[in-house]
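Residue numbers (my numbering): 697 to 880.
Ideal Cβ placement from N, Cα and C applies to all residues, glycine included.
In this text the structure is predicted, and so the values were computed from the model without any measurement.
Worksheet: the structure to be examined is printed underneath.
Below is the structure:
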């Protein structure tokens, strides 16, 4: 049996858009895709499951199934238990990030090529660190994430990549769920 893997769906249940009910998503995973031990966290597309085969291929299959079943185009990025553990161990901004809600990990579908950091609209109290397939961003300001221009600028510099962000609180909780689901 494979270990559980985390799958992060991009852009679902944002406001009234791209609605994917979690109970129906869990049913799709178990009944149609053969996943086991399916768990979701929040309504924003965080799920873990045990499945057979390559997680990257399963992510593509899951994305296609979501589009077919719910009419929602949602690319899916995955992280294994070991990969998500490494994300938390790296945590390059832990010394300055004082609020996990303003500290995000942007999960990318492959390693991030060199960014033109000088061209990014990084506000004085924002910090960005690229580490492999993750981009860590501390939004620092009381203006919050929604006032930042960084996510849109990153998307423009990395137009061919699938990127989905989660705040550090969510990353920690999903890692906790992975650990609980992991076989002894």
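Nearest neighbour of residue i, chosen from the options [CA to CA]
i, options, result
"residue 711", "739, 702, 840", "739"
"residue 703", "779, 715, 728", "779"
"residue 654", "735, 721, 730", "The structure shown does not extend to residue 654, since the chain spans only 697 to 880, so no value can be given for it."
"residue 852", "781, 841, 811, 786", "811"
"residue 820", "836, 809, 813, 826", "836"
"residue 753", "767, 764, 742, 729", "729"
"residue 854", "831, 748, 701, 774", "831"
"residue 796", "777, 775, 776, 862", "862"
"residue 767", "814, 826, 759", "759"
"residue 815", "847, 792, 727, 843", "847"
"residue 869", "727, 742, 708, 713", "742"
"residue 723", "699, 714, 786, 761", "761"
"residue 792", "744, 823, 748", "823"
"residue 856", "733, 809, 876, 826", "809"
"residue 850", "813, 749, 839, 744", "813"
Neighbourhood of residue i by C-beta distance below 6 Å, restricted to the same chain and skipping five residues each side
i, result
"residue 706", "770, 771, 860"
"residue 845", "817"
"residue 763", "769"
"residue 841", "835"
Secondary structure of residue i, DSSP reduced to three states
i, result
"residue 731", "coil"
"residue 875", "helix"
"residue 870", "helix"
"residue 757", "helix"
"residue 853", "helix"
"residue 802", "strand"
"residue 796", "helix"
"residue 665", "In the structure as shown, the chain begins at 697 and stops at 880. Residue 665 is therefore absent and cannot be evaluated."
"residue 697", "Note that residue 697 scores 49 on pLDDT, short of 50, meaning its location in the model is unreliable; the coordinates nonetheless yield the value given after this. In the structure shown, residue 697 sits in coil (DSSP, three-state: anything other than H, G, I, E or B)."
"residue 848", "helix"
Contacts around residue i, its chain only, beta-carbon distance under 7 Å, and the 5 residues preceding and following it disregarded
i, result
"residue 807", "828, 829"
"residue 825", "788, 789, 832"
CB of residue i within 8 Å of CB of residue j, strictly
i, j, result
"residue 799", "residue 718", "no"
"residue 874", "residue 834", "no"
"residue 858", "residue 805", "yes"
8 Å CB neighbourhood of residue i in its chain, flanking five on each side removed
i, result
"residue 867", "780, 783, 784, 801"
"residue 774", "701, 702, 703, 704, 751, 752, 754, 755"
Proximity test, residue i beta-carbon vs the ligand ZN heavy atom, cut-off 7 Å
i, result
"residue 764", "No copy of the ligand ZN appears in this structure; indeed no ligand is present at all."
Distance between beta carbons of residue j and residue i, contact taken as under 8 Å
i, j, result
"residue 776", "residue 699", "7 Å"
CB contact check: residue i to chain D, cutoff 8 Å
i, result
"residue 708", "Among the protein chains of the structure shown there is no chain D, as only one such chain exists."
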